[in-house]
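All residue numbers for the sequence shown refer to the working numbering, where the first residue is 873 and numbers rise by one. Cβ coordinates follow ideal geometry from the N, Cα and C atoms, glycine included. Please read these numbers as outputs of a predicted model, since none were measured by experiment.
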Amino acid sequence: MSTTLLVYPTAPASFSKTHFTPTVLASPTCNLACSIIVLTPDGTHGGAPDEQEACKEIVVRIRKEQGKGVFIILWSEQVSSSAVQRTRWQSIGVNMITCVPMHLTSVLSTLHTLLTLPPTNKMYPCPYCPACLPLEALQIHLPLYHTQEPNRKSSCPICGAHTRYLAVHVHTHNTEPIPRLPLFALVVCIKDNKVLLVDEVAGQGWWIPGGGVDPGEDFCEAATREVREETGMEVELKGVLRIEVSPGEGYPRMRVIFYAEPTSTSPPPKSIPDYESAGACFVSPTELDSLPLRGREPVLWTTYLQQGGIIHSLSVIGKEWARPAIGS
873 MSTTLLVYPT
883 APASFSKTHF
893 TPTVLASPTC
903 NLACSIIVLT
913 PDGTHGGAPD
923 EQEACKEIVV
933 RIRKEQGKGV
943 FIILWSEQVS
953 SSAVQRTRWQ
963 SIGVNMITCV
973 PMHLTSVLST
983 LHTLLTLPPT
993 NKMYPCPYCP
1003 ACLPLEALQI
1013 HLPLYHTQEP
1023 NRKSSCPICG
1033 AHTRYLAVHV
1043 HTHNTEPIPR
1053 LPLFALVVCI
1063 KDNKVLLVDE
1073 VAGQGWWIPG
1083 GGVDPGEDFC
1093 EAATREVREE
1103 TGMEVELKGV
1113 LRIEVSPGEG
1123 YPRMRVIFYA
1133 EPTSTSPPPK
1143 SIPDYESAGA
1153 CFVSPTELDS
1163 LPLRGREPVL
1173 WTTYLQQGGI
1183 IHSLSVIGKE
1193 WARPAIGS
């Protein structure tokens, strides 16, 4: 396969800062032999239907003729800002959807490194495409190229173990496992009446950012860390929506659900896939019914806030033996 980068129908200005000199396709019927392609369906006509259809035809052709070894980027402000459209394009085989110049230049730099690595003594095959890479490169390649692979058991090319989400398993290879606590922090982040949602890995659907509390963290620290890892954004926690306790005999757990807003200096939502998520997007309440959701929390909490639900003070979350704050 060629290591060239193709573009259709126009090249974003961001290419001037990358390692690649893009080849602009004259038409969607041209030879598509490449390792990376950037499609710009917004084009010069604001996303005309014929441009979008031509880009979709290219995606389908590449996946049919070359499989999953080609990295396909969709450069589109329209699609990037719509979780519904993002889901549709990903379903036909697009790897990454963005309109953020620094995200595009960053991923192209990573791809250039992956595609130009010299062979080493230990090379591991990707189970999804023809790539064969050193361990460190495979740890980047798997979630970047294949973050939407279904969450079913696969055989690890490194150790042979059967695991449900291969990218996470490979990412943590040779690292000490972090003890898992039955404590979780979830965040409902609102901006302009839209809720920040995460496009979960392995096609699990959209959900609010959140995850487990690590040893040594408090709930607030875990909440902001999870938002940063899964969405790329910085948020300010404004309050607590609910503290949930599930006293199950086999697996008791506790969840704290926070209300937050983006900081004034926060980066935009992430668009580079990794083992944490495929990306993130602000979603309007009217879009929620059209999205595949991992759980009902996005609908539950946006409805709660729309109806004037109480946001409790952060002071309800305190450290053991700490003096309670009066009037907070």
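Taking the CA atoms as reference points, residue 1026 sits about 24 Å from residue 992. The closest CA to that of residue 1103, considering only 1082, 1115, 1122 and 980, is found on 1082. Assignment of residue 1061 by DSSP, reduced to helix, strand and coil, places it in the strand class. Spatial neighbours of residue 1109 in its own chain (CB-CB distance under 8 Å, excluding positions within 5 residues in sequence) are listed in chain order as 1059, 1092, 1095, 1096, 1130, 1131, 1132 and 1186. Taking the C-beta atoms as reference points, residue 877 is found nearer than 9 Å to residue 980. For residue 943, the enclosing beta strand (DSSP E) begins and ends at 943-947.
When the alpha-carbon of residue 1183 is set against those of 1191, 1141, 1111 and 1194, the nearest one is in 1111. Note that the segment 1143-1155 touches the segment 939-955; at least 3 beta-carbon pairs, one per stretch, sit closer than 8 Å. The C-alpha of residue 1147 lies about 15 Å from the C-alpha of residue 1028. In this chain, the alpha helix (DSSP H) harbouring residue 922 covers 921-938. Under the 10 Å beta carbon count, residue 1049 is surrounded by fewer than 16 other beta carbons and is classified as exposed. Contact annotation, residue 1063 with residue 1134: C-beta distance approximately 5 Å; criterion of less than 8 Å satisfied.
Secondary-structure assignment with DSSP links residue 1066 through a beta bridge to 1063. Assignment of residue 983 by DSSP, reduced to helix, strand and coil, places it in the helix class.
Counting only residues of its own chain and dropping the five nearest sequence neighbours on each side, residue 1138 has a CB closer than 6 Å to the CB of 1105 and 1106.
Between the segment 1065-1080 and the segment 1116-1127, the count of Cβ pairs shorter than 8 Å is below three; the stretches do not touch. When rounded, the separation of the alpha-carbon atoms in residue 1113 and residue 1128 is 8 Å. DSSP, read as helix, strand or coil, puts residue 892 in coil.
The segment 1137-1162 contains, as complete beta strand (DSSP E) runs of 3+ residues, the segments 1151-1155 (chain order).
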